[in-house]
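Chains as they are written, first to last, in our numbering: chain A, 1 to 598; chain B, 1001 to 1356; chain C, 2001 to 2319.
Here's the structure, in structure tokens; my notes come after.
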Amino acid sequence: MRSTRVMLFAVVGVLTALVLAACGSSSESGSSSSATGNGASVVTPAGYQSSVDESLSGKRGGTLEVLQEADFEHLDPGVTYFALDYTVVFATQRPLYSNEPNSNEPIPDIAAGKPEVSADNKTITVHLKEGIHFSPPVNREVVAQDVAYAIERGANPNVANPYIQTYFSSIEGMPKAEGGPIKGIETPNKHEIVFHLTEPKGFFVAEALCLPLTAAVPKEYAEKFDKSKPSAYTNYQVATGPYMLKNNAEGKVLGIGYVPGKSATLVRNPNWNAKTDFRPAYLNEIKIHLGGTQAVIDRQVLEGKSVVQNEPVVQSAVKLAAEHYKSQLDLSPGAGNRYITLNNKVPPFNNLDLRKAVYAAVDRAALDRERGGTLVTNVATHFIYPTIPGFEQSGGLAGPKVDYNEHPEGNMAVAEKYMKLAGYPSGKYTGTKTVQVVGASSAPEKEDAEIVNQTLKNLGFNTKLTLVEISTMYAKYCDAPKEEIEVCPTVGWIADFADPQTVLKPTFDGNSIVSTGNVNQGQVNIPKINEAMAAAELIKGKEEREKAWGKIDEELIENAVAIPYDWEKSPRLAASNVHGVAMLWNEGSWDYSFTSLK
Amino acid sequence: MSAAEPLLRVEDLRVEFPSEDGIVHAVDGITYQVQKGRTLGIVGESGSGKTVSSLTTLGLTRREGARISGRILFEGQDLVTLPEEQLRAIRGNDIAMIFQDPLSSLHPLYRVGAQLVEAVRAHREVSKAQARARAIELLGLVGIPDPARRVDEYPHEFSGGMRQRAMIAMALMNDPKLLIADEPTTALDVTVQAQILALMERLQRELGMAIVIITHDLGVVAEVADDIAVMYAGRIVETSSTGQLFAAPEHPYTWGLLKSIPRLDGPREEELVPIPGTPPSLINRPSGCHFHPRCPYAQPDHARIDPLLAPVPGAPNHHVACLLEAEVRERLWAELAAGATPEQALAEVGVPGAPA
Amino acid sequence: MIRYIIRRLLWGVLLLIIVAGLVFVLFRVLPTTNPAVLRAGRDPQPKLIKEIEVVLGLNKSLPTQFWDYLKEVFLHFNLGYSYYSQESVRSLIVERLPATLSLTLGAAVLWVLGGLSVGIISALRRHSLLDRGAMGSALVLISVPEFWLGLVLLFLFASDIGKFKIFPGAGSYVPLTTDPWKWFTSLIMPWFVLAAGSAAIFARLMRSSLSEAMKEDYIRTARAKGLPEKAVVRQGVRAAINPIVTLFGLEVGVLLGGAILVETVFNIPGVGRLAYQSIQSSDFPVVQGTVLLASMFIILANIVVDVAYAYLDPRVRYS
């Protein structure tokens, strides 16, 4: 079961990645933002089915019901970073740059055009569109100061945006900011915003402008809410997008447009100007019902009318839909990868041959079967996954040609070969170290952890298997370097955006290791690869980046730093009379601004 | 016994219960009578069938799959074959029964008064107020002080003796013609015992009610019974008036009972002589005379022949079921009454047919 | 009796304080996710975590936090605010209480009526086909997991996804005041699921309790009084029911704290679901609030049951 919670940590990356690549590469490709443009190469494994209906056109009107098991975490644009939350935030908030559903090429949203990066890479200038207004009760036109405040409030501890320091720390004055005005953000006039950086990272920061942090927030209205601990703005938020959370005359959303644990209601933003927006916004209203259990929800959607669900579908329902309700099932590629992390720092897996032995022995096809089989998985042979540039360059479907990578069902003969090379002539480990294996206790992670555990035992390792709740698995064990967990079998990652750097750097760069929340769980630290990554980061140009990062992916596999086993596809269900449009860049979630009723 | 028409006549009653180990012959062909206004005492050990015969009178053994034959005639009706509804009309009404342990026999969760009221309203159309008034009246009649207050108390708030009195009061609510008292004093201590017995005697005099009192205690029947029937292993072995029984008992079992009671007027050195052995199983009973295995005077053919209740010569209202000759018995008793042990009496008298 | 009740209530308050303390310790000291870390995102810098801890009040010493919390709860009835929605915990709970009450009390009626009647009939007709069938079904219902039973019922009878479209499907609960008929029909299947296991236990209990009671001497007396059999049975039931009343009270008390599984499957917005969601997201104030509520109900149920017992059995007396 893919709890959104797990995806969160990864998805932050996805979104960031998507944003960065999307926003960043715009200056290169020069192609116009057509509705069906999709720069990434989409691999279509057998049985794969893309959007239920490729076109983005639709009928106006109607109310869409959404059945949603999990409640929202954060709907404040300055805080939000979960895929599920994004389904609402990106229908109601407009950042500087954004994405169309079928694409990961960013297009200007509040911005009027592409970002202008100075020659020395230290200044970014963005011009804003005119005629964009806030929803009631603010009503007035959006100006540059609103974008400035939106970013500044992210540094306010009461808001505590989770990625602001990661991507925006090079803005002058940002590291010490606490919510007040930031020196490096300048608004010379109402429709122009300029960022002054302390380091030559303008290209990188310009890409980050697709993040929801840049969605305009009116200071004179919001700052009183931002004073409470934590900020209450989320309960009084105003919108710039085609929809808004229903509110009362004072702007209160809590209890009206959002009733925690019960419902959320999106209505049309009366001040939205369609001419300023690429979104068609066919639906009149979106009613989200919270609670219930996914198994029931999936069936209710399949048999109902004007209803969708927007979370991972349970395996049985995916199978049912694939057989009997094909036109109602969407399987989006590029929903991330899964791999088994091996601790590269401590014995026994600091030994390369032992890592290769385990890699060879693991039955990756069996792991994928537990996750739902070929409908929703592909056996992974390297880390960059389909829809991310660099996929072909690192070997495509087959992956790098090394013997331990060529047997998706596992091969004990090859495994034994490497055990012997590692110094265990019997083909089985005879050392004394006990290997700690920490997985998640929910299905199918539990089954996958048990398969990996058994594989290790077959190789002669003494193991200690611990299964805990998924967020505990990350927070307490796998993401904590000092625990020195040897194997984490159910780690997943989604790119921040369609740039291979965001798949490989945070997860396998030795310089990314931190003491808590460490997503380089294997503590991979190979100097040669670190250097290659540092260099590849600075490359300008899509093709060169693909080549460079593809090579790095190959080297990671040649060093067996971890064992990839799944390239995920994300299933979503819609009722038969719903023309659903999925956000390729947001885990295949339905895009409320493009979805319509038939 | 008087020649007037008896209130209750039991004729050749047999009651059997099927069980896992075989058929339990609880009552094996008994015949007795109860006269109006008189008290019959039924004496026997546990397992003699005395309680079962009384329960059967009220039809309370029907539920347990008992096989009943014989007749129980009450006011011209045979209670054995009487339909349940009609029998229910008699229970607690014309014939009432009280039991051994008044604490467990009264419902612990209902007030005493309510239980009494229920008894009368089951059979008569009276208002609750009338029933309550009668309950108070009867509680007073049986000697419970301050009955108007105690009527609202719970059984556990009464002392042992008072509880039994309350049970008696409950039995009397419908002016029964016959009261069956099954071991009414066994659970009480001696002083209270005497009070209850005195009460029962008084009530019989005042209300003209017949009483059957079932007990294992000869002292109790000596006190209150007019007539006595002695039961052993499901059969009646001797019936007679009380005075006659104590003066001239005929059956060896009765002798044994009498000899095992300490007597205030007996010689100081005289030993109590218990009856050897234990009561027989009611599933596999001894053949012939049921008492023969324990009888000191038994003869070989007593194991073959069933003794029948027959009148004692010279005392037409005294019946005994014994195969010994009357004359022999008389002499044996004379010895025993003088203080001899059964062995000594046997040796002295000699029994025809017995080994010398 | 009044003094007894007051004493029990005072002990109850002390117990609540202890429970609050336990929950406090459990969620802050034992290894689960620090909400500040959860809030801080995928690459949390220590500075950010610290900031969030300050904002959420997690940086103060444990005893200080606890003391502040106690003061708020017992003096101001303020249960704090959700870390996520900033909605007051008290209003979150109060809002969801009617749904849980509807579910629990309705199920209670069902299981009392069902369990007792089946138990009584079984006791009176021991070893008959009816009895064996009833006890066998009871065993099945006790063993079946609630969640599974709920799913099965939905897939069979729900009007949206069921084979036989009879009852409203999951998520169709509305408050009584909004639409009484819809409220009623949407609760039929949840009531059944919630009541099933308990009714079965009650039936078995009643069967053995009544069988025992019917062997008692006072039943013989009742029959000897010439009472009709119905009245005799009523006396038996009156005696047999006491241990069951105790169990009933306690079960209701527990369920008033929220029937998580049934509320989740049928998507009923009750306190149980609130508790579950808040535990998942480490929303401490809400978790504490729901636990306190559940504890309060259990404590009250215990007191009520004990007092009721004194009325039901006059032999029981509290000094």
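We put the beta carbon where it would ideally sit given N, CA and C, even for glycine.
Proximity test, Cβ basis, 8 Å: residue i and chain B
{"i": "Y2173 (chain C)", "result": "no"}
{"i": "E2216 (chain C)", "result": "yes"}
{"i": "M2001 (chain C)", "result": "no"}
{"i": "R2238 (chain C)", "result": "yes"}
{"i": "Q2280 (chain C)", "result": "no"}
Extent of the continuous alpha helix (DSSP H) run through residue i
{"i": "I2017 (chain C)", "result": "I2002 to V2029"}
{"i": "Q1195 (chain B)", "result": "V1190 to L1207"}
{"i": "M967 (chain B)", "result": "This structure leaves residue 967 (chain B) out entirely; chain B is present only between 1001 and 1356."}
{"i": "R545 (chain A)", "result": "K542 to E558"}
Minimum Cβ-Cβ distance from residue i to chain C less than 8 Å
{"i": "D71 (chain A)", "result": "yes"}
{"i": "L254 (chain A)", "result": "yes"}
{"i": "L1308 (chain B)", "result": "no"}
{"i": "L1058 (chain B)", "result": "yes"}
{"i": "G336 (chain A)", "result": "no"}
{"i": "A21 (chain A)", "result": "The predicted position of A21 (chain A) is uncertain, since its pLDDT is 39 and thus under 50; no value can be drawn from it."}
Beta strand (DSSP E) segment containing residue i, residue limits
{"i": "G439 (chain A)", "result": "T434 to A440"}
{"i": "W493 (chain A)", "result": "V487 to W493"}
{"i": "G1070 (chain B)", "result": "R1067 to F1074"}
{"i": "T463 (chain A)", "result": "N462 to V468"}
{"i": "S263 (chain A)", "result": "S263 to R268"}
{"i": "Y565 (chain A)", "result": "A562 to E568"}
{"i": "L67 (chain A)", "result": "T63 to Q68"}
Partners in chain B for residue i, counting only beta-carbon separations shorter than 9 Å
{"i": "L2227 (chain C)", "result": "R1088, R1091, G1092, E1118, A1119 and A1122"}
Beta-bridge partners of residue i, as assigned by DSSP
{"i": "L56 (chain A)", "result": "Looking at the DSSP assignment, L56 (chain A) forms no beta bridge with any residue, so it has no partner."}
{"i": "W2067 (chain C)", "result": "None; W2067 (chain C) has no bridge partner."}
{"i": "M1097 (chain B)", "result": "B:I1180"}
{"i": "D952 (chain B)", "result": "The displayed coordinates of chain B run from 1001 to 1356. Any statement about residue 952 (chain B) would go beyond what the structure contains."}
{"i": "L197 (chain A)", "result": "A:I171"}
Residues that residue i contacts on chain A, provided the C-beta gap is smaller than 8 Å
{"i": "N2267 (chain C)", "result": "H289, G291, G292, T293 and V296"}
{"i": "E2251 (chain C)", "result": "Those do not exist, as E2251 (chain C) stays about 24 Å from chain A at its closest Cβ, beyond 8 Å."}
{"i": "S2198 (chain C)", "result": "Going along chain A, no residue has its Cβ under 8 Å from S2198 (chain C), so there is no contact; the nearest lies around 22 Å."}
Partner residues on chain C for residue i, Cβ-Cβ distance less than 7 Å
{"i": "E303 (chain A)", "result": "D2160 and I2161"}
{"i": "M1097 (chain B)", "result": "A2224"}
{"i": "L421 (chain A)", "result": "Residues of chain C passing the Cβ test: none, with the nearest at roughly 36 Å."}
Test: residue i CB closer than 8 Å to a CB of chain A
{"i": "L2103 (chain C)", "result": "no"}
{"i": "S2122 (chain C)", "result": "no"}
{"i": "G2169 (chain C)", "result": "yes"}
{"i": "T2264 (chain C)", "result": "yes"}
{"i": "V2144 (chain C)", "result": "no"}
{"i": "Y2069 (chain C)", "result": "no"}
{"i": "I2093 (chain C)", "result": "no"}
{"i": "E2072 (chain C)", "result": "no"}
Where residue i meets chain B, residues with beta-carbon distance less than 8 Å
{"i": "R2315 (chain C)", "result": "P1108, Y1154 and H1156"}
Chain-ordered neighbours of residue i on chain C, where CB pairs are closer than 8 Å
{"i": "D1101 (chain B)", "result": "D2217"}
{"i": "S1105 (chain B)", "result": "D2217, Y2218, R2220 and T2221"}
{"i": "R153 (chain A)", "result": "Simply none; closest approach about 13 Å."}
{"i": "A601 (chain A)", "result": "Residue 601 (chain A) is absent from the structure shown; chain A starts at 1 and stops at 598."}
Length at least 4, wholly inside the segment 300-329 of chain A: the alpha helix (DSSP H) runs in chain order: 315-324
Whole beta strand (DSSP E) elements within the segment 116-193 of chain A, 3-residue minimum: 123-127 and 185-189
Segments of 3+ residues assigned as beta strand (DSSP E) that fall wholly inside the segment 1001-1047 of chain B: The segment 1001-1047 of chain B contains, as complete beta strand (DSSP E) runs of 3+ residues, the segments 1008-1019, 1022-1034 and 1039-1043 (chain order).
Any alpha helix (DSSP H) of 4 or more consecutive residues that is wholly inside the segment 2130-2193 of chain C: 2146-2157
Ranges of the beta strand (DSSP E) found wholly within the segment 1212-1296 of chain B, counting only runs of at least 3: 1227-1232 and 1235-1241
Unbroken stretches of the beta strand (DSSP E), 3 residues or longer, contained in the segment 1324-1348 of chain B: none
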